[in-house]
Every structure is written in C-alpha cells, then in structure tokens.
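Here the structure is laid out as structure tokens; the discussion comes afterwards.
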Amino acid sequence: MKEQLLNTSKAFWSAMERADEAGMREIADAECTFVHIGVTCRLDQEIGFYTSGAFQPTELRFNSRTVNVYGDTGVVITDCNYGLLLNGNPTTHHFAVTEVYVRERENWRLVTFSFTALVY
C-alpha cells in the first residue's frame, strides 16, 4: 500500500513538472487545497499556474520521502529543493511538502499539498 502511495506521489510531481493538466486532475481531487508561501488555492488555480507558465520548474531535487498510512488516509512528506521561474523570476527553496491522500476504492486521491519552507 505504501509503495502504491509513493508511486502516486511521484506521478503527481511528474505531472506538475510537465504542466500536465490531465495528469494532475487524474490524481488530485477537484477540491484539493494547495498551500504555497504566498497563496492558498484549489486545483484549478494550481493547474493554471503551471499551464500558464507562471510556475516553470527549473530544478527539482528530492532529498527524502517518508510515507505513512493511517487507515484510508496516506501522508507523504517530501523533502526537496525546488527551483522554478516564478512569473519569470528565478527562485529556489528548500521545502518539506506535506501531501495528504485519501483512498478511493483502489486509488489514492490527493486532497492537500502544502509547501513549508525549511531554513536549515
């Protein structure tokens, strides 16, 4: 079960990097909440940031991932360095990203994706 959840997380990150709207929608619930340093939004707005080019990933380095399952809820904590052009301006942050998933039948659905900047 943990392996399936980890693979779902990896697929979502890949879809984000490629600005793949269909891939993001396949995994994330329509009401999924995304929390960034400067904005909190739902899936449609998050997709818009990537497909419009407002968020353009330039570097993504995964340092570690932890996966925990609590009944039908799964949590992935991703420690990463994330570089992107943010409205054309280069930025890089060290983040812990908390991904919360709920199990629907045989699949995991993303319901929360929250970036926390790490300062160490």
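First residue of the sequence shown: 7, per this note's numbering; consecutive thereafter. The C-beta atom is built at its ideal place from N, Cα and C for all residues, glycine as well. What you are looking at is a predicted structure, and each value in this text was computed from that prediction instead of being measured.
Proximity of residue i and residue j at Cβ, strictly below 9 Å
{"i": "D103", "j": "K8", "result": "For the record, residue 103 in the displayed sequence is Val; it is not Asp. No, the pair does not count as a contact, with Cβ atoms beyond the cut-off."}
{"i": "H100", "j": "N87", "result": "yes"}
Residue i versus residue j: straight-line alpha-carbon distance, rounded
{"i": "R111", "j": "Q10", "result": "13 Å"}
{"i": "T64", "j": "C38", "result": "24 Å"}
{"i": "N95", "j": "Q51", "result": "20 Å"}
{"i": "T98", "j": "V117", "result": "25 Å"}
{"i": "D78", "j": "T84", "result": "20 Å"}
{"i": "E32", "j": "F18", "result": "9 Å"}
{"i": "L53", "j": "V75", "result": "With the sequence shown as reference, residue 53 is identified as Ile, and Leu is not the correct amino acid for it. When rounded, the distance between both Cα atoms is 27 Å."}
{"i": "F40", "j": "E105", "result": "9 Å"}
Rounded distance between the beta-carbons of residue j and residue i, thought under 8 Å
{"i": "G80", "j": "Y107", "result": "4 Å"}
Review point. Counting pairs of Cβ atoms below 8 Å between the stretch 56-70 and the stretch 16-33, do you hit three or more?
Key: yes
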